[in-house]
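What follows is one structure encoded as C-alpha cells, with my remarks underneath.
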Amino acid sequence: MKTFVYKLRPTPAQAAILTETAETCRHLYNHALIERKTAYQERGESIGFARQCASLPALKRESPYLPRVHSQVLQDVLHRVDRTFQAFFRRVNAGEKPGYPRFKGKGWYDSFTYPQWGNGVKLDNRRLILSKIGALRLHNDRPLEGMPKTCTIVRKADGWYASIACEVAPSPLPPTGKAVGIDVGLESFATLSDGTPIVNPRSYRAAERKLKQAQRRLSRRVKGSNRRRKARELLAKAHLKVKRARQDFAHKTARTLVNDYDHIAVEQLNIRGMVRNHPLAKAIADAGWGLFLRILIAKAASAGRVVVEVNPAGTSQMCAQCGESVPKRLAVRWHACPSCGCALHRDHNAALNILKRGGGAAFGEALPSGGPENREPCTL
Ligand SMILES: [Zn+2]
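All residue numbers for the sequence shown refer to the working numbering, where the first residue is 978 and numbers rise by one.
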C-alpha cells in the first residue's frame, strides 16, 4: 500500500461542509462510545460493530445531520470505535494499563474516511468528487499510482488534505550484493555498519528551533487573548513543519538505503517501552526511528529488499571483531577492545554487531581493521 496526499482547495462553502461532516462524525463517535459504555456498565452487555451498524438507519431518521454524510463514512466511524475498543480489550488482557476509550472533544476529531474507492469517492479531471460534499480542487497533481482503495479527508493546521491509499504492485530493484547494519544514534540519527553517520538534516533542526520559539511565545501570551489564539495557530503550524521535515528525511534516507543494499539489518525497537523506561527517551522518540522503520520496511517490501529486525541487547558492549564483552557507560563514545585491539566509534561497532546478528555474514562483509575514522557525516 502506498499513500498519496493531496492538499484540497475547497471553496468556503465546501470548507464549511467538510467541517460539518467532521463534526457529525465526532458526534456519532461519541454516541457509539457512550452506547457501548452504558450497555456494559448497566447490563454487562457488550455491543459489537455489527449491532451498532444495524442501528444506524434508525439513528439517521432521528438526526438532521447524519443523513448529510455518506453512509460508508458513518460506518467507518463505527469501525474506528470498534478498533478503539478492541485495542482497549487487548491492553486489558495483556495486563497493561488499559486507558478507557475517550470521548472526542471539539477540535479533537479531524478526519473521516471513505473506506471504499468508487463508493462515494472518485477522481474526475483533477477533482476529487466526494459524495454529499462536492467536487474539490486538488492543490498538487502528482499522479496516483496503482489501484486506489480508500480515501481519508484530514484537517491539518494549514487546511484540508485528502490521503488516498493505493495498492501498488511491487517493483523489484536489481541486486547490489551488499548488506548493511544500522544502529540508532543519539549524536546522529543513525550509524551504518561501514561507519557512515546519518545526521538529521539542517531543515529539520531549523524547524525544531522554530517550534521551540513558538512554544515559548504561546506561554507568554495572556490566557483567553486574541494574541494567544494566534500564537496557538502558529504553534500548530510549527508542529506540522517539524513533522513534515521528519517525514521527508525518513523517506529520503529509506530510499537511499533501499537503493544501495539488498539486505538491511536494523534494531528492533519498542518505542513505547523505550519512552517509558529509557532515560534518553526523548532523544530516541525525537529521532523518529519508529517512523523511519515503518517507511523503510514498506519501501524494502516494494523493492524486493530484505529488512531483518534484530534484538539490539548488548550490541554496543560486544566487540564486533572478536565477540568479547567490552562494558562501557553511555558517555563513552569509543569502543576499544583490549583483547583484539579493535578500535571503533561506539555506534559503528554497534552497527556491525547488528549486521552480524541480522545475517550479514552471508554477504561477506569485511570488518574494518580498526583505527580512528575520519568520515564526513552523511546528511543526505
Ligand atoms: Zn575485540
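From the three backbone atoms N, C-alpha and C, an ideal C-beta is built for every residue, glycine too.
{"Item": "Spatial distance of V1252 from L1246 (CA atoms)", "Value": "Its pLDDT being 49, under 50, V1252 is placed unreliably by the model, and the measurement read from it follows with that caveat. When rounded, the distance between both Cα atoms is 11 Å."}
{"Item": "Any non-hydrogen atom of ligand 1 closer than 8 Å to G1300 Cβ", "Value": "yes"}
{"Item": "Proximity below 9 Å, CB of K984 to CB of L1115", "Value": "yes"}
{"Item": "Where K1189 falls, given that 16 or more other Cβ within 10 Å makes a residue buried", "Value": "exposed"}
{"Item": "Beta-ladder partner(s) of T1090, from DSSP", "Value": "T1129"}
{"Item": "Option nearest P1041 by Cα separation, candidates K1014, R1013, H1004 and Q1018", "Value": "H1004"}
{"Item": "Completely contained alpha helix (DSSP H) runs for the stretch 1141-1186, where each covers 4 or more residues", "Value": "none"}
{"Item": "Range covered by the beta strand (DSSP E) that runs through G1111", "Value": "G1111 to L1115"}
{"Item": "heavy atom of ligand 1 below 8 Å from G1335 C-beta", "Value": "no"}
{"Item": "Outcome for E1244 when other beta-carbon atoms lying within 10 angstroms are tallied against a minimum of 16", "Value": "buried"}
{"Item": "Cβ neighbour criterion (16 or more within 10 Å) applied to S1170", "Value": "buried"}
{"Item": "Inter-residue spacing [alpha-carbon to alpha-carbon] between E1019 and Q1049", "Value": "30 Å"}
{"Item": "Residues bridged to W1266 [DSSP beta-bridge criterion]", "Value": "Answer by DSSP bridge pairing: none, since W1266 is not bridged."}
{"Item": "Option in V1287, A1297 and K1276 with minimal Cα separation from K979", "Value": "K1276"}
{"Item": "Closer than 8 Å: V1309 CB and nearest ligand 1 heavy atom", "Value": "no"}
{"Item": "Beta-carbon separation (whole angstroms), A1139 vs C1128, contact threshold 8 Å", "Value": "6 Å"}
{"Item": "S1170 CB to nearest heavy atom of ligand 1 below 8 Å", "Value": "no"}
{"Item": "Length of the line joining the Cα atoms of E1286 and M1295", "Value": "18 Å"}
{"Item": "Alpha-carbon to alpha-carbon, L1332 and L1357", "Value": "Confidence in L1357 is poor, its pLDDT being 36 and thus under 50, which makes the residue's placement too unreliable to answer from."}
{"Item": "CB of V1284 within 9 Å of CB of L1273, strictly", "Value": "yes"}
{"Item": "Segment limits, beta strand (DSSP E) that includes E1019", "Value": "Run containing E1019: none in the beta strand (DSSP E); it sits in the alpha helix (DSSP H), P989 to R1020."}
{"Item": "Cross-strand partners of E1286 (DSSP beta bridge)", "Value": "V1243"}
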